[in-house]
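A.B. asks: So that we are looking at the same thing, I have put the structure below in structure tokens.
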Amino acid sequence: MTVPPFPTHVQIQTTTACGAACSICPHPVESPRWSNGLMTDGTFDRIVNQLCGRPIEYLSPYLMADSMSDRKIFDRIEALRRALPDTHFEVSTTGMYLTPKIAEQILASPISELRISSHGTTAEEYAKTMPGVKFDTAMANALAFIERWKAQRPFKLCIVCLWGLWSPEREAQIEAYWRDLGVEISKWHVNSRADQVDLTIFGDGSEDTTVYARGKDDPPYLCRFHRDTQWLHILSDGRVTLCCMDYKQEVILGNVLDSSIEEIWNSEQFADIRAKIRGDRPTAAEFLCNRCEWHVSRSVYEREQGNVRSATSQEHQLLPSASQM
Ligand SMILES: C[S@@+](CC[C@H](N)C(=O)[O-])C[C@H]1O[C@@H](n2cnc3c(N)ncnc32)[C@H](O)[C@@H]1O
Ligand code: SF4
Ligand code: SF4
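Numbered by the numbering used here, the letters in the sequence shown go through residues 2 to 326 in order.
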């Protein structure tokens with residue numbers, strides 16, 4: 002995979018809070034140990050200045066948290082939009098944050114896509130997957146938001162529901178529920194976040210539907226979502242981390258306050274990590290990518306891409322999509 006001179010996809014963590022305590026996510030366990038919190042205006046401005054005018058195709062102003070917990074997020078989205086008029090801006094949140102006031106602000110903001118994470122449609126399913134999110138309030142917020150969105154359709158909207166947690170029959174019902182409401186559903190196969198979440202709490206024990214096919218045999222390897230060759234992930238204190246799996250902040254590649262994005266992206270340290278990901282350099286068994294389901298053999302990836310091209314639209318969604326977070 003050729004590495005462009007500057008990243009084309011960027012994730013910026015403007016804040017570290019999310020309040021949802023999801024069982025499928027390492028955030029509730031790992032975030033209390035983080036030293037970083039809300040991004041300062043100085044750090045944010047420095048990043049925006051560096052991104053301004055660059056050919057960034059895709060940007061999400063969150064990373065391992067929820068940008069709707071950042072009071073300044075709408076001003077920040079405006080600033081990013083001024084700097085990057087043609088970039089696809091995607092925001093992901095839970096129904097908890099879609100209060101009438103925030104809904105109004107989101108609908109008026111210059112984003113390109115909103116994703117609402119909802120890993121079920123009942124109080125029991127919320128309690129098991131997103132225990133910090135109050136089902137009644139979140140669902141009422143989401144349903145009201147969808148109706149308001151339908152009146153304007155100012156950007157793309159979809160529901161993200163993790164697949165592999167419930168029985169196939171229940172999944173079909175969840176899918177029908179959102180389709181009947183006239184909203185797109187993105188079905189993402191749940192993964193272990195590099196062995197950082199316990200998925201054994203799901204299923205009835207007869208079959209483990211959470212298992213993600215570990216597509217790794219012979220090298221060369223690659224990151225299924227090109228996190229090392231297209232994406233830059235900036236933590237709220239300016240540190241650059243390898244990817245959205247790095248909840249323990251294990252692979253830090255520099256800090257945008259000490260070096261330019263260009264220098265970090267083209268550094269020896271980044272090149273070394275890319276070589277490790279390809280399998281060209283030795284790695285310890287506990288290296289982040291070795292624990293991650295998205296680290297696959299190139300041959301497996303190419304076969305999957307062939308399947309994507311020949312899949313029906315139903316099957317297509319369950320195959321890896323370019324912007325899965
Ligand atoms: C880390 S969250 C950040 C944004 C926001 N807090 C949210 O939940 O939408 C980004 C996306 O990752 C998804 N996610 C969390 N844990 C996951 C897992 N174990 N496997 C696959 N996707 C996961 C979430 O559902 C969400 O759609
Ligand atoms: S998935 Fe999102 S909302 Fe849930 S704990 Fe992780 S960051 Fe928070
Ligand atoms: S393989 Fe997994 S851990 Fe490695 S860069 Fe990709 S997403 Fe991150």
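Ideal placement from N, C-alpha and C gives every residue a C-beta, glycine not left out. Note that the structure is predicted; figures quoted are calculated from it, not measured.
Short of 8 Å in beta carbon distance, which residues of its chain neighbour E156, apart from the five on each side in sequence? Order them along the chain.
C.D. replies: It should be pointed out that residue 156 corresponds to Phe in this sequence rather than to Glu. I112, S113, E114, L115.
A.B. asks: Between the C-alpha atoms of I186 and W35, what's the straight-line distance to the nearest angstrom?
C.D. replies: 32 Å
A.B. asks: Just to check, is the beta-carbon of A139 closer than 7 Å to a non-hydrogen atom of ligand 3?
C.D. replies: no
A.B. asks: Going by DSSP in three states, G307 sits in which element: helix, strand or coil?
C.D. replies: helix
A.B. asks: Using three-state DSSP, classify W179 as helix, strand or coil.
C.D. replies: The DSSP-derived three-state label of W179 is helix.
A.B. asks: Between S168 and chain B, is any beta-carbon pair separated by less than 8 Å?
C.D. replies: The displayed structure is made up of one protein chain only, and chain B is not part of it.
A.B. asks: How many angstroms separate the CA atom of D42 from the CA atom of Y127?
C.D. replies: 35 Å
A.B. asks: Please name the residue, chosen from E172, R279, S70, that lies closest to D219 on a Cα-to-Cα basis.
C.D. replies: Taking the Cα of D219 as reference, the smallest distance to any Cα among E172, R279, S70 is reached at R279.
A.B. asks: Suppose you measure from the CA of V198 to the CA of C26; what does that come to, to the nearest Å?
C.D. replies: 6 Å
A.B. asks: Please go through the same chain and pick out, in chain order, the residues whose beta-carbon is closer than 6 Å to the beta-carbon of T88, but skip the five residues on each side of it.
C.D. replies: Cβ neighbours of T88 beyond the five flanking positions: I57, L60.
A.B. asks: What residue range is occupied by the uninterrupted beta strand (DSSP E) comprising R240?
C.D. replies: Where R240 is concerned, the enclosing beta strand (DSSP E) stretches over 240 to 242.
A.B. asks: Quick one, which of T15, C244, M140 has its alpha-carbon nearest R47's?
C.D. replies: T15
A.B. asks: Please list, in chain order, all residues of the same chain as N256 whose beta carbon is under 6 Å from its beta carbon, the five residues on each side excluded.
C.D. replies: G239, R240
A.B. asks: Check each residue's C-beta against every heavy atom of ligand 2 and list, in chain order, those closer than 5 Å.
C.D. replies: Every residue passing the under-5 Å Cβ criterion appears here: C19, A21, C23, C26, H28.
A.B. asks: If you run the structure through DSSP and keep just helix, strand and coil, what is Q12?
C.D. replies: The answer is strand: DSSP assigns Q12 an E or B state.
A.B. asks: Can you determine whether any heavy atom of ligand 3 sits closer than 7 Å to the C-beta of D87, and answer yes or no?
C.D. replies: Flag unset: Cβ of D87 not near ligand 3.
A.B. asks: With the cut-off set at 8 Å, would you say A143 and I117 are in Cβ contact?
C.D. replies: yes
A.B. asks: Quick check on the burial criterion: 16 or more other C-beta atoms within 10 angstroms. Buried or exposed for T138?
C.D. replies: exposed
A.B. asks: Can you tell me which of the three DSSP states L133 falls into?
C.D. replies: It should be pointed out that residue 133 corresponds to Gly in this sequence rather than to Leu. Three-state result, G133: coil.
A.B. asks: Taking DSSP's pairing of strands, which residues face V297 in a bridge?
C.D. replies: L223
A.B. asks: If the criterion is Cβ atoms closer than 8 Å, does the pair C23 and T130 meet it?
C.D. replies: Note that the C-beta distance between C23 and T130 is below 8 Å.
A.B. asks: Could you pull out every unbroken beta strand (DSSP E) segment of at least 3 residues lying fully inside the stretch 62 to 107, listed in chain order?
C.D. replies: 89 to 95
A.B. asks: So, do the stretch 244 to 262 and the stretch 219 to 235 have three or more beta carbon pairs nearer to each other than 8 Å?
C.D. replies: yes
A.B. asks: Where do the N-terminal and C-terminal ends of the alpha helix (DSSP H) with L254 fall, by residue?
C.D. replies: From DSSP, L254 is part of no alpha helix (DSSP H) but of the beta strand (DSSP E) over 253 to 256.
A.B. asks: Verify the contact flag: G143, CB atom, against every heavy atom of ligand 1, threshold strictly below 7 Å.
C.D. replies: Gly is not the amino acid found at residue 143; the sequence shown has Ala there. For A143, the Cβ stays outside the 7 Å cut-off from all heavy atoms of ligand 1.
A.B. asks: Just to confirm the assignment, what range does the alpha helix (DSSP H) spanning V30 have?
C.D. replies: 28 to 31
A.B. asks: Under 8 Å: do the stretch 300 to 307 and the stretch 282 to 292 share three or more Cβ pairs, one atom per stretch?
C.D. replies: no
A.B. asks: Starting from the C-beta of K217, find all residues in its chain whose C-beta is less than 8 Å away, skip the five residues before and the five after it, and write them out in chain order.
C.D. replies: Same-chain partners within the cutoff: H296, V297, S298, V301.
A.B. asks: M2 and H227 look like a contact to me (Cβ under 8 Å); what is the Cβ gap, rounded to whole Å?
C.D. replies: 7 Å
A.B. asks: Where does L236 fall in DSSP's three states?
C.D. replies: coil
A.B. asks: Are the CB atoms of H28 and Y248 nearer to each other than 8 Å?
C.D. replies: yes
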